[in-house]
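Worksheet: one structure, shown below.
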Amino acid sequence: MTCGNSSIVKALLKGRFAPSPTGRMHAGNIYAALCSWLIAKSTGGSIVLRIDDLDPDRSKPAFADQVMRDFEQLGLFWDEGPFYQQRREEAYRAAFERISEKAPVYPCFCTRADLHASSAPHLGERNVYQGTCRHLTAAQRTERQQEGKSCAWRVQVPDGPLSFQDLLQGPQTSNLACDCGDFVIRRADHAFGYHLATVVDDAEQGINCVVRGIDLLSSTPQQIYLQRLLGLETPSYGHIPLLVNVKGKRLAKRDKDAALDALLAAHQTPEALVGHIAYIGGLQEEDQPASPQQLLQAFNLEKFAAKAKARYAITWQ
Ligand code: GLU
61 MTCGNSSIVK ALLKGRFAPS PTGRMHAGNI YAALCSWLIA KSTGGSIVLR
111 IDDLDPDRSK PAFADQVMRD FEQLGLFWDE GPFYQQRREE AYRAAFERIS
161 EKAPVYPCFC TRADLHASSA PHLGERNVYQ GTCRHLTAAQ RTERQQEGKS
211 CAWRVQVPDG PLSFQDLLQG PQTSNLACDC GDFVIRRADH AFGYHLATVV
261 DDAEQGINCV VRGIDLLSST PQQIYLQRLL GLETPSYGHI PLLVNVKGKR
311 LAKRDKDAAL DALLAAHQTP EALVGHIAYI GGLQEEDQPA SPQQLLQAFN
361 LEKFAAKAKA RYAITWQ
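Each residue of the sequence shown is one higher than the one before, counting from 61 in this note's numbering.
This is how it looks when you write it as structure tokens:
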């Protein structure tokens, strides 16, 4: 069945909000949630709320509660959840085992300093893991473990093209071996890696459309590779421009004037704030108050895709 106004997608989309509860939300987080909500709802679909609280040191339950109140106050309601990543360790462990059966997974003893020394990235480049620990012998691994060295676990990646069609950015191709190298699926502090947890949860929660910031576009091939190893469906992906501050830096939770309490104080009503984010982000033509529900009436995915395409950053002001 096709609902809504889009010819790009012909299915009911199930999207998600996946906030990391590490602080108060900023305009960029709200923009990502708003786009995800509009894209799913414009097909008659639904939204799952998942709390990405995988990082035990930085995630705080109080922030998760606050994020939920913030979404509700802005009219960004979800249909399922909240689901918490911290409660999903068993599912991640099972996926880790399964990945290890399908591709080489090995312990990596490199320290942060080792990794930076081997490949200092230039602006816009990524750190590519050079495979240093891939060929350690069993004896060398045991020796390092006996020396008390902690290890992360990496999955070996293939050397070849991996392509996908981004809903907003168009066709994408990358080669994991050149673009990132073997990557971490379990960290040295034993937490499971972001990519592993994300693909396991997206699949289990039935997400068929992931909308997020363009800074995560380069993570998508890693996630698709894990989906293939795990025999999981690949959802549609849509990567939206990043909101950056006047200095061109990505908004962060510590940018006080882009944090939600300051934004609400400045804009006075949730609708004025949502309307302003929508205006800056190419979701409406005028800077006027609007609820997500009102934006939905006029939302058109093709038009939005034309504005978002090849646009890396939008200055927040
Ligand atoms: N939790 C991430 C964030 O808050 C989003 C991860 C994702 O969308 O895959 O930026």
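Just so you know, even glycine gets a beta-carbon here, dropped at the ideal spot from N, CA and C.
Using 10 angstroms around the beta-carbon of Val-306, count the other beta-carbons present and answer buried if the total reaches 16, otherwise exposed. The residue is exposed, with fewer than 16 neighbouring Cβ atoms inside 10 Å.
CB of Ser-80 to nearest heavy atom of ligand 1: below 7 angstroms? At least one heavy atom of ligand 1 is nearer than 7 angstroms to the Cβ of Ser-80, so yes.
Cα-Cα separation, Phe-224 to Pro-79: So the alpha carbons of these two residues sit roughly 24 angstroms apart.
Nearest by alpha-carbon distance to Gly-208: which of Ala-248, Gly-191, Arg-118 is it? Closest option to Gly-208, Cα to Cα, is Ala-248.
Boundaries of the alpha helix (DSSP H) in which Gly-335 is found, first to last residue: 330-340 is the extent of the alpha helix (DSSP H) around Gly-335.
For Asn-89, the three-state DSSP class (helix, strand or coil): When secondary structure is reduced to three states using DSSP, Asn-89 falls in the helix class.
In chain order, which continuous runs of the beta strand (DSSP E) of length 3 or greater are located wholly inside the segment 116-186? DSSP runs (the beta strand (DSSP E)) wholly in the segment 116-186: 140-144, 165-168.
If you count every other CB in all the chains shown that lies within 10 Å of the CB of Cys-170, and 16 or more means buried, which is it? Taking all protein chains in view, the Cβ of Cys-170 is crowded by 16 or more other Cβ atoms within 10 Å, so the residue is classified as buried.
N- and C-terminal bounds of the alpha helix (DSSP H) containing Leu-290: Where Leu-290 is concerned, the enclosing alpha helix (DSSP H) stretches over 280-290.
What's the call for Phe-364, buried or exposed, on a 16-neighbour Cβ count within 10 Å? The residue is buried, with at least 16 neighbouring Cβ atoms inside 10 Å.
Could you round the C-beta distance between Leu-114 and Tyr-254 to whole angstroms and report it? I think they count as a contact, below 8 angstroms. In this structure Leu-114 is in contact with Tyr-254, their Cβ atoms being roughly 7 angstroms apart against a cut-off of 8 angstroms.
Please confirm if the segment 218-233 is in contact with the segment 274-293, defined as three or more CB-CB distances below 8 angstroms between the two stretches. Taking a cut-off of 8 angstroms for Cβ pairs, the segment 218-233 and the segment 274-293 touch, as three or more such pairs fall below it.
Taking Thr-375 as part of the beta strand (DSSP E), name the residues at either end of that continuous run. First-last of the beta strand (DSSP E) with Thr-375: 373-375.
Return helix, strand or coil for Ala-368, following the three-state DSSP convention. Residue state for Ala-368 is assigned as helix, using DSSP reduced to three classes.
On the three-state DSSP scale, how would you describe Asp-321? The answer is helix: DSSP assigns Asp-321 an H, G or I state.
Can you tell which of Ala-199, Asp-261, Ile-300, Thr-294 has the C-alpha that lies nearest to the C-alpha of Ala-366? Of the listed residues, the one whose Cα sits closest to Ala-366 is Ile-300.
Does the segment 114-131 come close enough to the segment 156-163 to have 3 or more Cβ pairs within less than 8 angstroms? Cβ pair count under 8 angstroms is below three, so no.
Does Cys-238 pass the burial test, meaning 16 or more other C-beta atoms within 10 Å, or should it be called exposed? By the 10 Å Cβ count, Cys-238 comes out exposed.
Given Thr-258, which residues of its chain have a CB within under 7 angstroms of its CB, disregarding the five upstream and five downstream residues? Sequence-distant partners of Thr-258 (beyond 5 residues in either direction) whose C-beta falls short of 7 angstroms from its own C-beta, in its chain, are Gln-283.
Take the Cβ of Asp-174 as the centre, count every other Cβ of all protein chains shown within 10 Å, and call the residue buried at 16 or more, exposed below. So Asp-174 ends up on the exposed side.
Reduced DSSP secondary structure (H/G/I, E/B, other) of Lys-101: In this structure, Lys-101 counts as helix in the three-state DSSP scheme.
Report yes if the C-beta distance between Ala-87 and Phe-77 is below 8 angstroms; otherwise report no. No, the pair does not count as a contact, with Cβ atoms beyond the cut-off.
Kindly indicate which residue of Gln-287, Ala-263, Leu-286 has the alpha-carbon position closest to the one of Lys-74. Closest in C-alpha terms to Lys-74, from the list Gln-287, Ala-263, Leu-286, comes Ala-263.
Is Arg-272 near ligand 1, going by C-beta to nearest heavy atom under 7 angstroms? Yes, Cβ of Arg-272 sits closer than 7 angstroms to a heavy atom of ligand 1.
When you compare each of Pro-349, Gly-341, Arg-371, Gln-126 to Gln-377 by their alpha carbons, which one comes out closest? Nearest C-alpha to Gln-377 among Pro-349, Gly-341, Arg-371, Gln-126: Gly-341.
Kindly identify the DSSP beta-bridge partner or partners of Pro-231. When beta bridges are read from the DSSP output, Pro-231 appears opposite Gln-225.
Is it right to say Ala-368 is buried, meaning 16 or more other beta carbons lie within 10 angstroms of its own, or is it exposed? Buried.
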